[in-house]
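Chemist:
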Amino acid sequence: MSDSIIKMKGVTKEFPGVKALKSVDLNIYKGKIMALLGENGAGKSTLMKILTGVYEKTTGEIILNGKPVQIKNTREAQNMGIAIIHQELNLISNLSIGENIFLGREPVNSFGKIEWSKLYKAAKLIMDRLGITEKPETLVGELSIGKQQMVEIAKALSLNAQVIVMDEPTGALTDKETDSLFRVIRELKAEGRSIVYISHRLKEIFQICDDVTILRDGQFIAEYPINDVNEDKIIELMVGRKLSEQYPRINCQLGENLLEVKNLTNAYVKDISFSIRSGEIVGLAGLMGSGRTELARTIYGVYGKDKGEIIVQGKAVDIKSPGQAIRNGISYVSEDRKGNGVVLGLNIKENISLSVLQKLSGIFGIIDKKKEENAALDSIQGMSIKTSGVKQLVKNLSGGNQQKVSLSKSLMTGPKILILDEPTRGVDVGAKKEIYDIINQFKQAGMSIIMISSEIPEILGMSDRIMVMHEGRISGCIEREQADQERIMRLAVGQREVTI
Amino acid sequence: MKKALKEFLIKNKSFVVLVIFCIIVSIVNERFFTVSNILNILRQTSINSVIAVGMTFVILTGGIDLSVGSILAISGAVVAAMVSQGNNAFIAVIAALAIGAALGAFNGLIISKGKIQPFIATLGVMTLVRGYTLVFTDGKPISAGSSEAASAFSNIGAGYFLGIPLPIYIMIIVFGLAYYILKHTRTGRYVYSLGCNEEATIYSGINTDRIKILVYTISGLLAALAGIIITARLSSAQPQAGTGYELDAIAAVVLGGTSLAGGSGGIFGTVIGALIIGVLNNSLNLMDVSSYYQLLLKGLVILVAVLLDRKQKK
Ligand SMILES: Nc1ncnc2c1ncn2[C@@H]1O[C@H](COP(=O)(O)OP(=O)(O)OP(=O)(O)O)[C@@H](O)[C@H]1O
Ligand SMILES: [Mg+2]
Numbered sequence: 068m069s070d071s072i073i074k075m076k077g078v079t080k081e082f083p084g085v086k087a088l089k090s091v092d093l094n095i096y097k098g099k100i101m102a103l104l105g106e107n108g109a110g111k112s113t114l115m116k117i118l119t120g121v122y123e124k125t126t127g128e129i130i131l132n133g134k135p136v137q138i139k140n141t142r143e144a145q146n147m148g149i150a151i152i153h154q155e156l157n158l159i160s161n162l163s164i165g166e167n168i169f170l171g172r173e174p175v176n177s178f179g180k181i182e183w184s185k186l187y188k189a190a191k192l193i194m195d196r197l198g199i200t201e202k203p204e205t206l207v208g209e210l211s212i213g214k215q216q217m218v219e220i221a222k223a224l225s226l227n228a229q230v231i232v233m234d235e236p237t238g239a240l241t242d243k244e245t246d247s248l249f250r251v252i253r254e255l256k257a258e259g260r261s262i263v264y265i266s267h268r269l270k271e272i273f274q275i276c277d278d279v280t281i282l283r284d285g286q287f288i289a290e291y292p293i294n295d296v297n298e299d300k301i302i303e304l305m306v307g308r309k310l311s312e313q314y315p316r317i318n319c320q321l322g323e324n325l326l327e328v329k330n331l332t333n334a335y336v337k338d339i340s341f342s343i344r345s346g347e348i349v350g351l352a353g354l355m356g357s358g359r360t361e362l363a364r365t366i367y368g369v370y371g372k373d374k375g376e377i378i379v380q381g382k383a384v385d386i387k388s389p390g391q392a393i394r395n396g397i398s399y400v401s402e403d404r405k406g407n408g409v410v411l412g413l414n415i416k417e418n419i420s421l422s423v424l425q426k427l428s429g430i431f432g433i434i435d436k437k438k439e440e441n442a443a444l445d446s447i448q449g450m451s452i453k454t455s456g457v458k459q460l461v462k463n464l465s466g467g468n469q470q471k472v473s474l475s476k477s478l479m480t481g482p483k484i485l486i487l488d489e490p491t492r493g494v495d496v497g498a499k500k501e502i503y504d505i506i507n508q509f510k511q512a513g514m515s516i517i518m519i520s521s522e523i524p525e526i527l528g529m530s531d532r533i534m535v536m537h538e539g540r541i542s543g544c545i546e547r548e549q550a551d552q553e554r555i556m557r558l559a560v561g562q563r564e565v566t567i
Numbered sequence: 112m113k114k115a116l117k118e119f120l121i122k123n124k125s126f127v128v129l130v131i132f133c134i135i136v137s138i139v140n141e142r143f144f145t146v147s148n149i150l151n152i153l154r155q156t157s158i159n160s161v162i163a164v165g166m167t168f169v170i171l172t173g174g175i176d177l178s179v180g181s182i183l184a185i186s187g188a189v190v191a192a193m194v195s196q197g198n199n200a201f202i203a204v205i206a207a208l209a210i211g212a213a214l215g216a217f218n219g220l221i222i223s224k225g226k227i228q229p230f231i232a233t234l235g236v237m238t239l240v241r242g243y244t245l246v247f248t249d250g251k252p253i254s255a256g257s258s259e260a261a262s263a264f265s266n267i268g269a270g271y272f273l274g275i276p277l278p279i280y281i282m283i284i285v286f287g288l289a290y291y292i293l294k295h296t297r298t299g300r301y302v303y304s305l306g307c308n309e310e311a312t313i314y315s316g317i318n319t320d321r322i323k324i325l326v327y328t329i330s331g332l333l334a335a336l337a338g339i340i341i342t343a344r345l346s347s348a349q350p351q352a353g354t355g356y357e358l359d360a361i362a363a364v365v366l367g368g369t370s371l372a373g374g375s376g377g378i379f380g381t382v383i384g385a386l387i388i389g390v391l392n393n394s395l396n397l398m399d400v401s402s403y404y405q406l407l408l409k410g411l412v413i414l415v416a417v418l419l420d421r422k423q424k425k
């Protein structure tokens with residue numbers, strides 16, 4: 068066994084009302100990649116935040132190179148050579164990529180003036196390594212979430228750390244970006260650096276990791292060399308039971324056209340026409356930046372349209388704001404939960420009820436607290452949201468559980484047409500299945516569902532029909548029976564179908 | 112029970128500051144803790160309190176309102192002028208409130224529809240309205256006169272009910288209503304949500320422009336109410352009335368633990384914040400501290416209290 072650079076022993080963390088970690092052990096080996104796995108809320112992020120000085124541990128020990136250490140803040144962790152890429156983006160959107168990468172560590176000359184050319188040159192070097200093609204002067208706010216995630220990775224690399232923690236780095240990445248990341252990870256490993264890798268995509272774990280550590284409910288379950296386990300075994304350890312079929316697709320009777328879009332055009336999308344029937348799931352595939360999210364947000368009234376029509380249940384509607392979309396039975400679950408999916412500073416109950424307070428309040432807009440609480444409790448149960456109660460701040464939920472709150476908020480509006488933008492991003496295997504089951508439930512109840520996803524297996528597994536976008540246009544539409552990974556990819560990169 | 116108390120004290124450090132402060136002052140000066148002095152403090156606090164309540168709504172959404180002092184002045188001038196011309200006191204008051212609300216709505220409109228930063232927008236309106244007040248009053252005080260209407264009117268600021276000054280009742284009603292709105296109504300919830308994350312609030316289907324216009328309207332309305340109280344108390348309106356009041360109001364809100372970034376805090380804190388400022392002013396007067404030192408000490412107390420209240424991380 069190789070020697071461990073870091074050992075965390077018996078680490079416990081208590082938040083008011085929650086015991087997030089109960090005596091957890093973790094070994095990080097020199098020049099190895101350790102996978103850290105567990106369900107949503109298992110305590111992965113919390114453990115890593117303790118390692119990097121974001122949280123203080125309640126009890127336990129951290130041993131670095133054989134010596135016990137106290138890590139009081141992020142700066143100290145960095146000085147000890149430990150860096151982290153957080154699950155949630157922490158960039159400043161009106162600063163440039165280069166400024167973000169070197170925030171707080173800008174190179175300065177002897178007068179204290181920032182040496183911009185030096186900064187941007189250094190930024191460019193790291194960006195090249197990761198295959199980020201943007202100019203280092205580009206503002207971060209102008210980048211897609213995937214690109215922003217790459218900038219976070221660049222920031223961590225710039226620290227030149229010995230140990231790098233990656234908390235779900237690939238959630239928002241394209242396949243190409245993921246490949247670049249993996250290449251860099253392998254290079255880092257070859258240089259003798261250690262990595263902790265957190266992901267809900269088990270395929271990735273087998274591609275790059277050397278060992279796995281599994282947590283469940285804040286407890287240490289097991290550590291294995293990767294070659295001693297397989298996917299099923301890992302899932303069993305994570306969930307505590309065996310899981311059945313991953314994609315529970317159901318067939319149901321298709322009804323009338325619920326939504327029809329005709330020639331929709333604006334700055335982001337061109338000439339989009341399609342329709343979707345009651346009881347149907349349409350998968351919307353495409354590469355990052357192909358206009359899928361923009362199409363969804365145009366239908367939802369966030370972006371204005373220049374041309375085209377949106378027809379709901381046979382009636383042309385004029386949707387200028389999300390409020391109007393909701394009143395017309397359209398709901399949207401955002402891919403960017405921190406930015407616009409949930410309100411982190413409000414509690415679970417307040418988030419779940421936010422879109423439907425009209426219905427939950429009486430005269431003078433006085434909120435019926437009992438009704439509100441019951442609605443929230445129903446959602447928490449229906450979605451199995453892991454929380455200490457309806458009054459827990461959403462900020463303090465694990466990433467996957469925040470996603471479930473975001474979904475609950477949308478479903479509360481009782482939509483006829485539901486647009487899901489990466490609905491299972493950051494969600495664990497067990498919860499994914501739960502979310503698929505819920506989607507199916509609503510499908511059976513006659514809803515129309517548009518599901519945007521970058522995971523092609525998910526698109527293939529759940530959709531009745533698959534629409535592919537490329538550069539703002541629909542490049543093709545495939546019935547489920549004829550769909551496969553290759554056809555989707557071909558349309559996604561803009562190759563026309565060759566009809567023989 | 113004991114735990115609940117402890118939690119309350121940790122969450123409301125400004126309350127602890129207030130209590131300790133009162134104890135110290137009552138030991139140093141026996142004239143402090145008397146019924147008449149307490150009533151005096153409350154009456155003097157009422158003006159700042161009423162303005163600070165409006166400011167709380169605005170700050171909770173992440174905004175700021177610098178125009179309250181000027182709105183106070185113009186509504187005071189209008190109400191005094193109307194009463195002196197023999198109008199019914201009630202109608203004069205309604206007119207002054209309407210002007211305050213309209214100016215507030217104007218603030219809200221340029222901020223939401225015009226997409227101007229609240230600081231700049233209300234700075235502009237502050238200067239504009241102050242200028243107009245000077246034009247309107249010709250730079251001279253306007254007396255409410257001595258008609259029957261005028262004496263009815265002066266009751267609002269100088270009258271008593273059950274031995275307690277009327278402005279204190281007004282303050283308590285304003286506090287109560289605001290507390291209830293923020294805590295229990297849809298509007299209150301939207302105010303917090305908007306302050307926490309505007310984009311997510313819009314995505315949740317809420318018309319955030321409407322909420323912005325509403326909070327500035329409330330702020331304008333309450334500034335006008337404060338203007339009416341002052342004018343009634345003095346039976347005349349001063350063209351320079353309310354200068355610098357926006358700062359006292361902001362101080363009260365921030366002392367009460369409401370974050371200038373928006374989204375967290377509330378009315379209870381503002382009550383405490385306004386009282387701290389009131390007690391401070393009163394006790395320094397009682398102890399005959401010169402007005403120069405008063406300012407200096409006031410600044411110090413505000414800084415110390417805000418530092419104490421800073422939430423620690425973790
Ligand atoms: N600041 C906090 N205050 C209170 N509870 C917290 C806080 N941070 C995390 N928790 C709780 O600790 C538990 C573990 O959360 P953590 O974020 O570590 O989960 P995770 O394993 O990273 O999950 P995911 O895969 O969803 O990201 C959760 O129940 C969460 O609600
Ligand atoms: Mg996490």
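Protein chains in written order, with our numbering: chain A, 68 to 567; chain B, 112 to 425.
Built from N, CA and C at the ideal position, the CB exists for glycine as well.
Since this is a predicted model, take the numbers as computed values, not measurements.
1. Which same chain residues end up closer than 8 Å to B:Ile279 when comparing Cβ atoms and leaving out the 5 residues on each side of it in sequence?
2. Ligand 1 and A:Ala443: does any heavy atom of the ligand fall closer than 7 Å to the residue's C-beta?
3. Does the distance from the CB of B:Asp244 to the CB of B:Ser346 come in under 8 Å?
4. Taking only heavy atoms of ligand 1 into account, decide whether any of them is closer than 7 Å to the Cβ of A:Val85.
5. Check the Cβ-Cβ distances between B:Gly316 and every residue of chain A, and say whether any is below 8 Å.
6. Look at the alpha carbon of B:Tyr271 and the alpha carbon of B:Ser265, and state the distance between them as a whole number of angstroms.
7. Which residues bound the beta strand (DSSP E) around A:Thr280?
8. If you reduce the DSSP assignment to three classes, tell me which class A:Ala512 lands in.
9. Are there any heavy atoms of ligand 2 lying less than 7 Å away from the beta-carbon of A:Ser465, as far as the coordinates show?
10. Does the distance between the C-beta of A:Gln469 and the nearest non-hydrogen atom of ligand 2 fall short of 7 Å?
11. Where does B:His295 fall in DSSP's three states?
12. Cβ atoms of B:Val417 and B:Val444: under 8 Å apart, would you say?
13. I want to see whether chain B comes within less than 8 Å of A:Ile138, judged by CB atoms only; does it?
14. Buried or exposed, going by whether 16 or more other CB atoms sit within 10 Å of the CB of B:Tyr403?
15. Please confirm whether B:Ser147 has its beta-carbon closer than 8 Å to some beta-carbon of chain A.
16. Assign B:Asp176 to buried or exposed, taking buried as 16 or more other Cβ atoms, counted over all protein chains shown, within 10 Å of its Cβ.
17. When the cut-off is 8 Å and only beta carbons count, does B:Ser375 lie next to chain A?
18. State buried or exposed for B:Thr312, treating a residue as buried only when at least 16 other CB atoms are found within 10 Å of its CB.
19. Among the candidates A:Leu464, A:Met534, A:Ser342, whose CA atom is the shortest distance from the CA of A:Gly381?
20. Look up B:Ile134 in the DSSP assignment and say whether it is helix, strand or coil.
21. Candidates B:Gly353, B:Gly376, B:Gly242: which alpha carbon is nearest A:Gly412's?
22. Whole-angstrom Cβ separation of B:Ala192 and B:Ala269, contact assumed at under 8 Å?
23. May I ask you to report which of helix, strand or coil DSSP gives A:Arg260?
24. Could you tell me which of A:Val136, A:Gly466, A:Tyr96 sits nearest to A:Leu156, measuring between CA atoms?
25. What distance in whole Å lies between the Cβ atoms of A:Val423 and A:Met479, which are believed to be in contact at a cut-off of 8 Å?
26. Kindly indicate which three-state DSSP category B:Thr172 falls into: helix, strand or coil?
27. Measuring only the C-alpha atoms, how far is A:Gly375 from B:Gly250?
28. Is any non-hydrogen atom of ligand 4 found closer than 7 Å to the C-beta of A:Gln154, if you look at the structure I gave you?
29. Please say whether A:Glu327 and A:Ser568 have beta carbons closer to each other than 8 Å?
30. Run through the segment 463 to 492 of chain A for me and flag every whole alpha helix (DSSP H) of 4 or more residues, listed as ranges in chain order.
31. Whole alpha helix (DSSP H) runs in the segment 69 to 151 of chain A with 4 or more residues, listed along the chain?
32. Which chain A residues are close to B:Tyr303, counting only those with a beta carbon under 7 Å from its beta carbon?
33. Shorter than 8 Å from the beta carbon of A:Met68 to some beta carbon of chain B?
34. At a threshold of 7 Å, does A:Asp234 count as lining ligand 2 (C-beta to nearest heavy atom)?
35. So A:Glu290 and A:Val279 are supposed to be a Cβ contact under 8 Å. How far apart are they, rounded?
36. Find the residues of chain B that neighbour A:Ile393, judging by a C-beta separation of less than 7 Å, and give them in chain order.
Modeler: Reading off the structure:
1. Correct list, in chain order: Leu150, Leu153, Arg154, Ser157.
2. A:Ala443 Cβ: outside cutoff for every heavy atom of ligand 1.
3. Here residue 244 of chain B turns out to be Thr, not Asp, going by the sequence shown. For B:Thr244 and B:Ser346, no; Cβs fall outside 8 Å.
4. Indeed, a heavy atom of ligand 1 lies less than 7 Å from the Cβ.
5. At least one chain A Cβ lies under 8 Å of B:Gly316.
6. A direct Cα-to-Cα measurement between B:Tyr271 and B:Ser265 gives close to 11 Å.
7. Start and end: 278 to 283.
8. Coil, per DSSP.
9. Under cutoff, so the answer is yes.
10. Outside the cutoff, so no.
11. Taken through DSSP and simplified to helix, strand or coil, B:His295 comes out as helix.
12. Residue 444 of chain B lies beyond the stretch modelled for chain B, which goes from 112 to 425, so this question has no answer here.
13. Judged by the 8 Å Cβ criterion, A:Ile138 is not in contact with chain B.
14. B:Tyr403 sits exposed, since fewer than 16 C-beta atoms from the chains shown fall within 10 Å of its C-beta.
15. Against chain A, the CB of B:Ser147 has no partner CB under 8 Å away; the residue lies outside that interface.
16. B:Asp176 should be labelled buried.
17. So, interface residue.
18. Classified as buried, B:Thr312 has 16 or more neighbouring CB atoms from the shown chains inside 10 Å of its CB.
19. For the residues A:Leu464, A:Met534, A:Ser342, the minimum Cα distance to A:Gly381 belongs to A:Ser342.
20. B:Ile134 falls in the helix class under three-state DSSP.
21. The shortest Cα separation from A:Gly412 among B:Gly353, B:Gly376, B:Gly242 belongs to B:Gly376.
22. Contact doesn't hold; Cβ gap of about 19 Å is too wide.
23. Of the three classes helix, strand and coil, the one that applies to A:Arg260 here is coil, per DSSP.
24. Ranking A:Val136, A:Gly466, A:Tyr96 by Cα distance to A:Leu156 puts A:Gly466 first.
25. About 5 Å separates the two Cβ atoms, so the contact holds.
26. It is coil, neither helix nor strand.
27. The alpha-carbon atoms of A:Gly375 and B:Gly250 are separated by roughly 59 Å.
28. Absence of ligand 4 from the depicted structure is noted, with ligand 1 and ligand 2 being the only ligands included.
29. Residue 568 of chain A lies beyond the residue range present for chain A, which begins at 68 and ends at 567; the question has no answer from this structure.
30. Taken in chain order, the whole alpha helix (DSSP H) runs of length 4 or more contained in the segment 463 to 492 of chain A are 466 to 479.
31. For secondary structure counted as the alpha helix (DSSP H) over 4 or more consecutive residues, the segment 69 to 151 of chain A holds these complete runs in sequence order: 111 to 118, 141 to 146.
32. Chain A residues near B:Tyr303: Leu413.
33. Bear in mind that the predicted position of A:Met68 carries a pLDDT of just 49, short of 50, making it unreliable; the figure below should be weighed with that in mind. No, A:Met68 lies away from the interface with chain B (no Cβ there is under 8 Å from its Cβ).
34. Indeed, a heavy atom of ligand 2 lies less than 7 Å from the Cβ.
35. With a Cβ gap of about 7 Å, A:Glu290 and A:Val279 count as contacting.
36. Simply Gly316.
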